[in-house]
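Using my numbering, read the sequence shown as starting at 2 and increasing by one per residue. Below you'll find the structure, written out as structure tokens, and then a few comments.
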Amino acid sequence: MVGSEQGGVTVTAMETAIQEEALQRYRPYPAYKDSGVDWLGEIPTHWEIARVGDLMKLVNGYPFDSEFFLRGEGVPLVRIRDLGSTETEVNYTGPVIDEAWIETGDIIIGMDGDFNVGRWRGPRALLNQRMCCLRARSSTDSGFASYLLPAPLKVINDLTYSTTVKHLSSNDVHKIRLGLPPEPEQRSIAAFLDRETARIDALVAKKQRLIELLQEQRTALITRAVTTGLDARSDAYIAGTEIFPLLPLGWKIRKLRRILTQKKRPVEVQQDSDYQEIGIRSWGRGIFHKEPLKGALLEEKSVYRIQPGDFVLNIVFAWEGAVAIASEQERGMIGSHRFPTFLVSEEVDPDYLLMVFQVGQGRWLMEVNSPGAAGRNKTIRLNQFLDELIPLPPLATQQALVRRVREEEQRLADLTQKLRIAIARLQELRTAVISAAVTGKIDVREEVV
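Structure below.
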């Protein structure tokens, strides 16, 4: 692949070409006129202004009874959450309303929230409430309209005041004014955008895959650090446990209860005092802080003080890796009985211990001691969990492993951030190309063979 390195992230020749040429290489139309529509500005002189209600048939969704929602059988039922999908999350088995049918290729709009637009790519289906369908008449190309509609809908959304969820009415949609080229030109613009957005989307997908690979690299690094060490020789192992079978020479096996001591710091809640609770994200994503609240709102809830260096876990989601080490930021915060805190032995680096539970073997130790089938809520049995064995290198080795892992994590995080920035720029470019083409700022009629 031909490319150049920019800050450690490869920028391919294709991406560079898209970024530099996407807008600049396209010429404008020969002449323009004022559209009379604020968001649209000037349009090519041969374009017309028309309302959506004159160009498309609007089909409103129907409030189907959720009693008849099933998975796997019945008629596909398109709800807002299915926008952008090719299949529905649920089907409908009740009485059918013929006016609510939509067809493959119809434009569908979510009428709550962000007013998102998509084309239905699945089979013939029923449309649920709080959605509408637009079906193009003979003079309008559905592909062109689907690219054009997000812009005026965003304007409506931005101007709509709401203290809760914003709502869009059918009348709002009917009244939208669009710039409309002749139908053959609409098809050319849609075909051009299909091609260009596919190119950009492919680049975005590649970068997203790179981010996934970097995450896999991080996981593999931590796993190697806590199971074999980063410098262990293949002929210098000792027998470990069933979960950690081979360990480097000089490492030990320790029961968790020998290195963790539960520490409760009960808080006597004062009704007028301010308190801030912690929570722990799953999959090793650390501690988050809940909104501060008055003691009166804690009611009869038992809470305990958090201190920096505490090993903390969420007893309900420990099996998902909801464990953390409290930092200076958590000093003086509180946790409920669901967040037991432990003091870590002086022979253990807390960050090393955290790494143990960020790998598959460590999470398995928490999962196997978290019985239950109530969805994601599986309470860990602490006494059994504390009897589990983990590998423990000498303290100096732990600290060295933590340093090396943290350095590599920072490098991977920097690369990931650069990839995210590149993705954001590509997505901005995608939006800009669509906007320029459907509003007549660039002439792409000769770009499609």
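Just so you know, even glycine gets a beta-carbon here, dropped at the ideal spot from N, CA and C.
> Excluding five sequence neighbours on each side, which residues of the same chain lie with their C-beta closer than 6 Å to the C-beta of I316?
Replying inline: Answer for I316: R339, T380, I381, listed in chain order.
> Do Y148 and L181 have their CB atoms nearer than 8 Å?
Replying inline: No, the Cβ-Cβ distance between Y148 and L181 is not below 8 Å.
>> Within a Cβ cutoff of 6 Å, which residues of the same chain sit near K58, ignoring the five residues on either side of it in sequence?
In response: Closer than 6 Å at the Cβ level, and outside the excluded window around K58, lie R136.
>> For V76, which residues in the same chain have their Cβ closer than 8 Å to its Cβ, ignoring the five residues on either side in sequence?
In response: So the list reads N92, Y93, T94, V97, A126, L127, once near-sequence residues are dropped.
> Taking the C-alpha atoms as reference points, what is the distance between T105 and G123?
Replying inline: Straight-line Cα distance between these residues: approximately 6 Å.
> Is L390 near T262, with beta carbons less than 8 Å apart?
Replying inline: Cβ distance not < 8 Å, so L390 and T262 don't count as in contact.
> What span of residues does the alpha helix (DSSP H) with A423 cover, start to end?
Replying inline: Here the alpha helix (DSSP H) through A423 covers 396-439.
> beta strand (DSSP E) containing T224: first to last residue?
Replying inline: Element bounds for T224: not the beta strand (DSSP E) but the alpha helix (DSSP H), 184-228.
>> So, with DSSP's three-state summary, where would you put K155?
In response: In this structure, K155 counts as helix in the three-state DSSP scheme.
> At what residue ranges does the stretch 245-274 contain a whole run of the alpha helix (DSSP H), taking only runs of 4 or more?
Replying inline: Whole alpha helix (DSSP H) segments, 4+ residues: 257-260.
> Which ranges would you report for the alpha helix (DSSP H) in the stretch 302-360 if only whole runs of at least 4 residues count?
Replying inline: Qualifying alpha helix (DSSP H) stretches, in chain order: 351-357.
> alpha helix (DSSP H) containing G54: first to last residue?
Replying inline: The continuous alpha helix (DSSP H) containing G54 extends over residues 53-56.
> Under a three-way DSSP split, which group does M112 fall into?
Replying inline: DSSP, read as helix, strand or coil, puts M112 in coil.
> From Y63 to R431, what distance separates their C-alpha atoms?
Replying inline: Answer to the nearest angstrom: the Cα atoms are 33 Å apart.
>> DSSP has N61 in a bridge; who is on the other side?
In response: According to DSSP, which records beta bridges pairwise, N61 is partnered with C133.
> How far does the beta strand (DSSP E) with L149 in it reach, from first residue to last?
Replying inline: Per DSSP, L149 belongs to no beta strand (DSSP E); it is in the alpha helix (DSSP H), 143-149.
> Quick one: Cα of K442 to Cα of P29, how far?
Replying inline: Roughly 6 Å between the two C-alpha positions.
>> Can you look up V174 in the DSSP assignment and give me helix, strand or coil?
In response: If DSSP states are grouped into helix, strand and coil, V174 belongs with the helices.
> Starting from D128 and walking both ways along the beta strand (DSSP E), at which residues does that stretch end?
Replying inline: In the sequence as displayed, the identity of residue 128 is Leu instead of Asp. 126-128 is the extent of the beta strand (DSSP E) around L128.
> What is the residue span of the alpha helix (DSSP H) that N92 lies within?
Replying inline: Per DSSP, N92 is not a residue of any alpha helix (DSSP H); the beta strand (DSSP E) it occupies stretches across 91-93.
> In the structure shown, what three-state DSSP assignment does G119 receive?
Replying inline: Of the three classes helix, strand and coil, the one that applies to G119 here is strand, per DSSP.
> Considering only residues of the same chain and omitting the five flanking positions on each side of H175, which have a CB-CB separation below 8 Å?
Replying inline: The residues are R52, V53, G54, L59.
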